[in-house]
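Residue numbers for the sequence shown follow the working numbering, so the first one is 1461 and each next one is one higher.
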Amino acid sequence: MKQPDILPNTKVLISVKTYPLPSHKYDELVCTAGFLEDGSWIRVYPVPFRGLPYHQQYQKWHWVTVDLIKNTQDHRPESYRPTSQLDIGENIPTTNNWILRKQYALRNVYTSMTDLLGDLKTKNTSLATVKPSEIIDFVIEPTERDWKESWRNQMLQFSLFDMDDKGQGRERKVIRKLPYKYFYKFRTHGDQNPRKLMIEDWELGALYWNCLKTCNGDENEANKLVRQKYFDTFVQQNDIHLFLGTTLQYHFVAPNPFVIIGVFYPKIETQGRMEL
C-alpha cells in the first residue's frame, strides 16, 4: 500500500542501522529503516546519527516517533526524511524467542530472490525480508583501510563535539573505516547458483571492532570470531532472515542492487520448545 507523502507523528520500529558513511552535506550518515505499525517497511534517511543529541540516539528495536515527509531526492517509495526530532519509545525485547519482533519482521517474507527482483521492477520495492533456503558461506574480503582523503578532511571540518548521557561535553572521533567487507553466500527458493550480497549492518561493524580489542589488535583472530558468530553459530543455531535494501545509486541499473542491511536471528525452534 502506497503511503501518503506526509506522515506526521509516525511510529517506526527501528530494525536497521547501517554502518556510518561520510556525507558531503553532513559529517556522516546512517541509513535507518524499520517497520510501521501495519508491518510495512519504511526508510528514514538522512539521519546524522552520531551528531544527534544523546537522548535521540536510538538503538535497534526501539519504537521512535517522528514527523516524516517523502524524500523527493530519493525515488524509492519507502524513503522518507525526518522533519522533527525523534522521540524514543519502548524497546521490543527478545523474550519468547523474539516473538514480539517476529510479528513485524516476519509479516511479509520473500523465500525467492527472483520474486523480490521481479517486485523491484514492477513495484519499485527497495526493502524486504528474505528467508534463505541455504546459507553457504560467510566471506571476508580486505578493502581500503582509510576513507578517501577528501572525505576525511571534510569530516574533520565539522564540529565533532556532542553531549553524553550526563550532559557533559565529549569529543566525537571520526568513525573508523572497516578494513574488511563481509558477505553472505546463500541460495533462496529456485536458485541454481549461489548469490553473494554484502552485509552493511552497523552491528557487524561494531562486532569486528570489539573482537579486535579482545584479540589485542590481531585482525585475523578478530575475523575468526566474527565468522564464528555469523556463520558457525548462526547457521547451526539460528533461524536466519536477511533484511535487504537497495542502494540508491544502483536501484534501477544493477541486475541485483540489494545489499544486506540487517540480519534477523532468533533461535531455531524445535517442536515443544521455546526459549524464554
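Where a beta carbon is used, it is the ideal one built from N, C-alpha and C, also for glycine.
Closest residue to His1522 among Arg1536, Ala1493, Thr1543 (Cα-Cα distance) | The residue with the shortest Cα to Cα distance from His1522 is Ala1493.
Own chain partners of Ile1595 with C-beta closer than 7 Å, once the 5 adjacent residues on each side are dropped = Tyr1644, Phe1646, Val1695, Ile1700.
Is the Cβ-Cβ distance between Leu1580 and Pro1717 less than 9 Å?
-> Taking 9 Å as the cut-off, the Cβ atoms of Leu1580 and Pro1717 count as close.
Compute the beta-carbon to beta-carbon distance between Thr1585 and Leu1566, rounded to the nearest angstrom, for a pair I have assumed lies under 8 Å.
-> Wrong, their Cβ atoms sit about 17 Å apart, outside the cutoff.
Segment limits, alpha helix (DSSP H) that includes Glu1681 = Residues 1679-1687.
Proximity winner among Met1573, Tyr1564, Asp1547, Arg1655, relative to Asp1597 (alpha-carbon distances) | Considering only alpha carbons, the answer is Arg1655.
Kindly indicate the opening and closing residues of the alpha helix (DSSP H) around Phe1694.
-> Where Phe1694 is concerned, the enclosing alpha helix (DSSP H) stretches over 1694-1697.
Secondary structure of Tyr1690, DSSP reduced to three states = Helix, per DSSP.
Shortest alpha-carbon distance to Arg1687 belongs to which of Cys1671, Val1526, Ser1500?
-> Among Cys1671, Val1526, Ser1500, the Cα nearest to that of Arg1687 is on Cys1671.
Would a C-beta distance cut-off of 9 Å place Val1504 and Arg1541 closer than the cut-off?
-> Yes.
Backbone CA spacing between Glu1609 and Arg1636 [nearest angstrom] | Using only the alpha carbons, I get a separation of about 13 Å.
Report yes if the CB atom of Leu1708 is closer than 9 Å to the CB atom of Gly1722, and no otherwise.
-> In this structure, Gly1722 does not lie closer than 9 Å to Leu1708 by Cβ.
Under the rule that 16 or more other beta-carbon atoms within 10 Å means buried, what is Glu1501, buried or exposed?
-> The question names Glu, but residue 1501 is Trp in the sequence shown. Buried.
From this set, Glu1660, Asp1606, Tyr1690, which residue's C-alpha is nearest Val1719's C-alpha?
-> Of the candidates Glu1660, Asp1606, Tyr1690, the one whose C-alpha sits nearest the C-alpha of Val1719 is Glu1660.
Assuming Leu1473 and Ile1552 make a contact with CB atoms under 8 Å, what is their CB distance in whole Å?
-> Right, their Cβ atoms sit about 7 Å apart.
Do you know whose CA, among Gln1545, Thr1730, Pro1715, lies nearest Asn1698's CA?
-> Out of Gln1545, Thr1730, Pro1715, Thr1730 has the C-alpha closest to the C-alpha of Asn1698.
Just reading off the alpha helix (DSSP H) that Pro1662 is part of, what are its end residues?
-> Here residue 1662 turns out to be Trp, not Pro, going by the sequence shown. 1662-1674 is the extent of the alpha helix (DSSP H) around Trp1662.
In three-state terms, what does DSSP make of Lys1656?
-> Looking at Lys1656 - three-state DSSP - the assignment turns out to be strand.
Please report the Cβ distance between Lys1520 and Lys1562, rounded to the nearest whole angstrom; I am assuming they are in contact, meaning their Cβ atoms lie under 8 Å.
-> Wrong, their Cβ atoms sit about 15 Å apart, outside the cutoff.
When you compare only the Cα positions, how much space is there between Trp1669 and Leu1481?
-> Whole-angstrom Cα-Cα distance: 16 Å.
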